[in-house]
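Written below as structure tokens is the structure these notes are about.
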Amino acid sequence: MRFDGDPVAPIAAISGMAAQTILLNSASKTIAPGTRVGWLRAEGDVLRSLAIAKQAVGLQSPVPEQLVIARYLATCDLDAHVRRVADVYRTRRDALVAALARTLPSTARVTRPQGGMFCWVDPGNATDTDALLPRAVDNGVAWVPGYAFYAAAPNRATMRLSFVTNPVDVIDEGVRRIGTTLGR
């Protein structure tokens, strides 16, 4: 899901890369957040290994959800839906980025993603966002601490903020509460 810029082809589209890449996707990213139906594209030995691993953890996925998604794909224009959702998400992303710019210190770093559902934020105060999370929850707001997304040497003063589930007025209030939590 992109809001800005040119579409980006998956790595598997690069010559010679299809056999050594795994493409993951989910209906929650394109059709409806929270939908737990996903899929992957892989080839050869990788696909066979993944099929065996899937069998080891469970042979079946939620059939009713799969049927709903299959029906949706058979009867609806997914591309048109994605364009509508992208317009909404773009507006919400822009609202979140603007509210953070008004609220956080000038030392803060905030991504302005060209697609997706999250902004990456370093509030600029070297505060451990995981340790601060209980106070945030007490203030009626939450984030995902960023350290969990690092492969090594995590920056504990980072957070991932979603912009897709709430309208602009709720985003503004949420950022105000984030600011209060951070002592701004």
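If you read the sequence shown in the numbering used here, its first letter stands for residue 221, the second for the next number, and so on.
No residue lacks a Cβ here, since even glycine has one placed at the ideal position from N, Cα and C.
Item: Burial state of alanine 368 (16 or more Cβ within 10 Å); Value: exposed
Item: Chain D within 9 Å of proline 333, Cβ atoms only; Value: No chain D is present in this structure, which holds just one protein chain.
Item: DSSP state of leucine 324 mapped onto helix, strand, coil; Value: coil
Item: Contacting residues, own chain, Cβ-Cβ under 7 Å from proline 382 (five flanking each side not counted); Value: Reading the sequence as shown, one finds serine at residue 382 and not proline. Once the five neighbours on either side are set aside, the close Cβ partners of serine 382 are Met337, Phe338.
Item: Beta-carbon gap between aspartate 350 and proline 365 smaller than 9 Å; Value: yes
Item: Residues sharing a beta bridge with valine 341, DSSP; Value: Val330, Met379
Item: Which listed residue (His301, Ala356, Thr295, Ala262) has its alpha carbon closest to that of alanine 252; Value: His301
Item: Integer-rounded CB distance, given that isoleucine 391 should sit under 8 Å from arginine 312; Value: 6 Å
Item: Beta-carbon contacts of serine 326 that lie in its chain and below 8 Å, excluding the five residues immediately before and after; Value: Gly344
Item: Local conformation of proline 227 per DSSP, three classes; Value: coil
Item: Per-residue DSSP class, three states only, for valine 305; Value: helix
Item: Three-state class that DSSP yields for leucine 402 in the structure shown; Value: coil
Item: Own chain residues within Cβ distance below 6 Å of glycine 399, not counting five before or after; Value: Thr323
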